[in-house]
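Peer 1: Here it is, the structure, as structure tokens.
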Amino acid sequence: MAYSDKVLDHYENPRNVGSLDKNDPHVGTGMVGAPACGDVMKLQIKVSDDGVIEDAKFKTYGCGSAIASSSLVTEWLKGKTLDQASEIKNSAIAEELALPPVKIHCSVLAEDAIKSAIADLKSKQGK
Amino acid sequence: MSLNFFILLQLPEAFVIDLEKLDQNYQSIQKEIHPDRFASFDDEAKLESIKKTAQVNDAYQTLKSPIRRAEYLLQLNGIDIHDEKYTAVPQDFLMQQMEWREELEAEKQNKVALEKLAHDIQKNKNEMMSQLPTFFDNKNNLNDAIKVTRELNFIEKIEQHINDALIEIV
Numbered sequence: 023m024a025y026s027d028k029v030l031d032h033y034e035n036p037r038n039v040g041s042l043d044k045n046d047p048h049v050g051t052g053m054v055g056a057p058a059c060g061d062v063m064k065l066q067i068k069v070s071d072d073g074v075i076e077d078a079k080f081k082t083y084g085c086g087s088a089i090a091s092s093s094l095v096t097e098w099l100k101g102k103t104l105d106q107a108s109e110i111k112n113s114a115i116a117e118e119l120a121l122p123p124v125k126i127h128c129s130v131l132a133e134d135a136i137k138s139a140i141a142d143l144k145s146k147q148g149k
Numbered sequence: 114m115s116l117n118f119f120i121l122l123q124l125p126e127a128f129v130i131d132l133e134k135l136d137q138n139y140q141s142i143q144k145e146i147h148p149d150r151f152a153s154f155d156d157e158a159k160l161e162s163i164k165k166t167a168q169v170n171d172a173y174q175t176l177k178s179p180i181r182r183a184e185y186l187l188q189l190n191g192i193d194i195h196d197e198k199y200t201a202v203p204q205d206f207l208m209q210q211m212e213w214r215e216e217l218e219a220e221k222q223n224k225v226a227l228e229k230l231a232h233d234i235q236k237n238k239n240e241m242m243s244q245l246p247t248f249f250d251n252k253n254n255l256n257d258a259i260k261v262t263r264e265l266n267f268i269e270k271i272e273q274h275i276n277d278a279l280i281e282i283v
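Shown next as structure tokens:
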């Protein structure tokens, strides 16, 4: 199956690969996995005191589409508030990357990773 | 609707099955329905024999592998292990997966390290597999069976990646 140019670009030059300190109270860590394909995705966000995402990092072990989906969302997340971030939908990710139907689940994984990171941050900050 | 694989291979519907019996039943059914035996029959009978053979092969492959058998049993209970909407795998398990993946990446060229990693994972897998009979025995534990079966899918995946890496070295 052929990947779209945008998927290839993110796959070959992934943005924001890496880790943030998961013990930092300003950092939220999201971990999700897809049992169907065994993909594992970690997404971390660093949020300022006024609730804006300053930094985002990811680490994904999976197919090109899963890597591209998580790379793309790290770009999208920077500068967004948590409320804006939680509005990112998998359909927008899939559309931007022109994912074929069989790879839609990769964008679902990325959306759920954002939600998981936000939930982790909120539980850490006792909100 | 396809026929229940357990009925097809004449075995009781359970996680623990008699593997020797599975082989025997498979072979005798295979002989009975083999397309060669229908060479002088009409097209409909030939086609039926081919379809049946494919079905029996599918049933055999599914029941022979413990993980596929577990998935199939869950499927019979209306649970699709491969539901793509499900991503909430327990965090500690995912953390472990991430560590193994990182180790695999770091030691890609190191045969000894990879073999040790494969060994550790195998040990983990065996422990998980040994829990399945009890989980399937008791219908109240079906949620545990779902959890372990899902997790075994991740384990299979990393095992496959380690094997690929080992082949690259040799």
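So the protein sequences, as listed, match chains A and B. If you're matching positions, the first sequence starts at 23 in my numbering and goes up one per residue. If you're matching positions, the second sequence starts at 114 in my numbering and goes up one per residue. Virtual Cβ for every residue (Gly too), placed ideally from N, Cα, C.
Between the segment 187-200 of chain B and chain A, which residues of the former have CB atoms less than 8 Å from a CB of the latter, in chain order?
Peer 2: Those would be Ile194, His195, Asp196, Glu197, Lys198, Tyr199, Thr200, in chain order.
Peer 1: Strictly below 9 Å CB to CB, what residues from chain A border glutamate 216(B)?
Peer 2: Chain A residues near glutamate 216(B): none, gap ~11 Å exceeds 9 Å.
Peer 1: Can you give me, in chain order, the residues of the segment 63-91 of chain A that have a beta carbon less than 8 Å from any beta carbon in chain B?
Peer 2: From the segment 63-91 of chain A, only Lys64, Lys81, Tyr83 have a Cβ closer than 8 Å to chain B.
Peer 1: Give the list of continuous alpha helix (DSSP H) stretches no shorter than 4 residues that lie fully inside the segment 162-246 of chain B.
Peer 2: DSSP runs (the alpha helix (DSSP H)) wholly in the segment 162-246 of chain B: 179-189, 204-219.
Peer 1: So the beta strand (DSSP E) valine 54(A) belongs to, where does it begin and stop?
Peer 2: Here the beta strand (DSSP E) through valine 54(A) covers 49-56.
Peer 1: Look at the Cβ atom of leucine 135(B), then the Cβ atom of alanine 172(B), and state whether they are nearer than 7 Å.
Peer 2: Cβ distance not < 7 Å, so leucine 135(B) and alanine 172(B) don't count as in contact.
Peer 1: Straight-line CA distance for glutamate 64(B) to histidine 195(B)?
Peer 2: Residue 64(B) lies beyond the residue range present for chain B, which begins at 114 and ends at 283; the question has no answer from this structure.
Peer 1: Roughly how many angstroms lie between the CA atoms of isoleucine 259(B) and methionine 241(B), to the nearest whole one?
Peer 2: Near 12 Å, if we compare the C-alpha coordinates of methionine 241(B) and isoleucine 259(B).
Peer 1: Mark aspartate 56(B) as exposed unless 16 or more other C-beta atoms lie within 10 angstroms of its C-beta, in which case mark it buried.
Peer 2: Outside the displayed range of chain B (114 to 283) lies residue 56(B), so it cannot be described from this structure.
Peer 1: When you compare only the Cα positions, how much space is there between aspartate 27(A) and arginine 150(B)?
Peer 2: Answer to the nearest angstrom: the Cα atoms are 52 Å apart.
Peer 1: At a Cβ threshold of 7 Å, is asparagine 256(B) touching chain A?
Peer 2: No, no contact with chain A.
Peer 1: What is the DSSP secondary structure of phenylalanine 267(B), counted as helix, strand or coil?
Peer 2: If DSSP states are grouped into helix, strand and coil, phenylalanine 267(B) belongs with the helices.
Peer 1: Should the segment 125-143 of chain A be regarded as contacting the segment 104-112 of chain A, the criterion being three or more beta carbon pairs within less than 8 Å?
Peer 2: Cβ pair count under 8 Å is three or more, so yes.
Peer 1: Among the residues of its own chain, which have a CB less than 7 Å from the CB of glycine 86(A), if the five just before and after it don't count?
Peer 2: If we look at glycine 86(A) and ignore the five residues flanking it on each side, its Cβ neighbours are Tyr25, Val29, Tyr33.
Peer 1: Hey, is proline 123(A)'s beta-carbon within less than 7 Å of any beta-carbon in chain B?
Peer 2: No, proline 123(A) does not count as interfacial toward chain B.
Peer 1: Which residues in chain B sit within 8 Å of valine 39(A), going by Cβ to Cβ distance?
Peer 2: Going along chain B, no residue has its Cβ under 8 Å from valine 39(A), so there is no contact; the nearest lies around 12 Å.
Peer 1: Report the neighbours of glutamine 204(B) on chain A: residues whose CB is nearer than 7 Å to its CB, in chain order.
Peer 2: Those are Met53, listed as they occur along chain A.
Peer 1: Which same chain residues end up closer than 6 Å to lysine 44(A) when comparing Cβ atoms and leaving out the 5 residues on each side of it in sequence?
Peer 2: Only Thr51 meet the Cβ criterion.
Peer 1: Kindly identify the DSSP beta-bridge partner or partners of threonine 262(B).
Peer 2: Answer by DSSP bridge pairing: none, since threonine 262(B) is not bridged.
Peer 1: Would you check if the segment 215-222 of chain B and the segment 91-101 of chain A touch, i.e. whether three or more CB-CB distances between them fall below 8 Å?
Peer 2: No contact exists between the segment 91-101 of chain A and the segment 215-222 of chain B.
Peer 1: Return helix, strand or coil for alanine 114(A), following the three-state DSSP convention.
Peer 2: Helix, per DSSP.
Peer 1: From what residue to what residue does the beta strand (DSSP E) around threonine 82(A) run?
Peer 2: Element bounds for threonine 82(A): 75-83.
Peer 1: Look at the alpha carbon of phenylalanine 128(B) and the alpha carbon of alanine 158(B), and state the distance between them as a whole number of angstroms.
Peer 2: Using only the alpha carbons, I get a separation of about 34 Å.
Peer 1: Assuming leucine 42(A) contacts aspartate 77(A) under a Cβ cut-off of 8 Å, what Cβ separation, rounded to an integer in Å, is found between them?
Peer 2: That pair is a contact at about 7 Å.
Peer 1: Going by the CB atoms, is the gap between isoleucine 146(B) and lysine 165(B) shorter than 7 Å?
Peer 2: The answer is yes: Cβ separation under 7 Å.
Peer 1: Going along the segment 99-133 of chain A in order, which residues come within less than 7 Å of chain B, judged by CB to CB distance?
Peer 2: Residues His127, Val130, Leu131.
Peer 1: Should lysine 252(B) be labelled buried (16 or more other beta-carbon atoms within 10 Å of its own) or exposed?
Peer 2: Its Cβ having fewer than 16 others within 10 Å, lysine 252(B) is exposed.
Peer 1: Does the Cβ of proline 203(B) have 16 or more other Cβ atoms within 10 Å, making it buried, or fewer, making it exposed?
Peer 2: Exposed, since its Cβ has fewer than 16 Cβ neighbours within 10 Å.
Peer 1: Determine the chain A residues that contact arginine 263(B) at a beta-carbon separation under 8 Å, and present them in chain order.
Peer 2: Chain A residues near arginine 263(B): Pro57.
Peer 1: Give the DSSP-derived three-state secondary structure of glutamine 143(B) in the structure shown.
Peer 2: If DSSP states are grouped into helix, strand and coil, glutamine 143(B) belongs with the helices.
Peer 1: Please state the DSSP three-state secondary structure of leucine 73(B).
Peer 2: Summary: the structure shown does not reach residue 73(B), with chain B confined to residues 114 through 283, and so no result is reported for it.
Peer 1: Can you name, in chain order, every residue of its own chain whose Cβ lies under 6 Å from the Cβ of alanine 116(A), other than the five neighbours on each side?
Peer 2: The answer, listed in chain order, is Ile126, Ser129.
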